[in-house]
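Read the structure below first, then the notes.
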Amino acid sequence: MPVKRVSINLAKDRSRGIDALQGTNVPAVFSDAVRVQLPDCSMLFISGMVGTDEDGKVVGRTMREQTRQVLEKIKTVLAREGGTMDDIVRVRVYVTQLDQQSLREIHEVRSGYFSEGKYPASTLVRVDQLIRDGALIEIDADAVIATG
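Those letters in the sequence shown? Residues -2 to 145, per my numbering, in order.
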């Protein structure tokens, strides 16, 4: 039986807010998420998201503010696809600063989004730069959503 695969795109334009592609004929070649439908569940793979608003502007200057914005965006995608934050099984977190305060703020915010005992597997990586100037954190997520 073939696997059903659906690409989920939330962007308003083909450049998907990437400055280098705006005003060109080059589309951004990625999806915000991909859902793979299996017999008893859906697997949802959510692309890396940074803490931006609908216009692509970075929200907040602190790790706390940006982490909250990123998790709200992920929560929105999950809800649209019939899932919750507790369906997330793995996250990859990329940060441009990794000090004790930033790490504490990330985990304080995350504790408000995941139920105790249902924390996802997680990888945290420090990077030099993210796709948006001023972005401090990017998170991608994989979820398994029961369909039965």
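All C-beta atoms in this analysis are idealised placements derived from N, C-alpha and C, irrespective of residue type, glycine included.
As the structure is a prediction and not an experimental result, all values here were calculated from the model.
DSSP-derived helix/strand/coil call for residue i
i: Lys192; result: With the chain covering -2 to 145 only, the question about residue 192 has no answer from this structure.
i: Ser28; result: coil
i: Arg87; result: strand
i: Ile136; result: strand
i: Ile142; result: strand
i: Ile128; result: coil
i: Val106; result: helix
Cut-off 8 Å between Cβ atoms - residues of its own chain near residue i, not counting five sequence neighbours on either side
i: Val0; result: Val33, Gln34, Leu35
i: Lys115; result: Asp83
Proximal residues to residue i (C-beta, below 6 Å), its chain only, five neighbours per side dropped
i: Glu135; result: Gly45, Val47, Tyr91, Leu127
i: Arg87; result: Pro117, Ala118, Asp139
i: Asp96; result: none
Cβ shell of residue i (< 7 Å), same chain only, five flanking positions each side left out
i: Arg2; result: Val31, Val33
Distance between residue j and residue i (C-alpha atoms, nearest Å)
i: Ser99; j: Phe111; result: 19 Å
i: Leu41; j: Gly109; result: 21 Å
i: Arg146; j: Ile142; result: Not covered by the structure: residue 146. The range shown for the chain is -2 to 145.
Residue i vs residue j beta-carbon contact at 9 Å
i: Val74; j: Gln63; result: no
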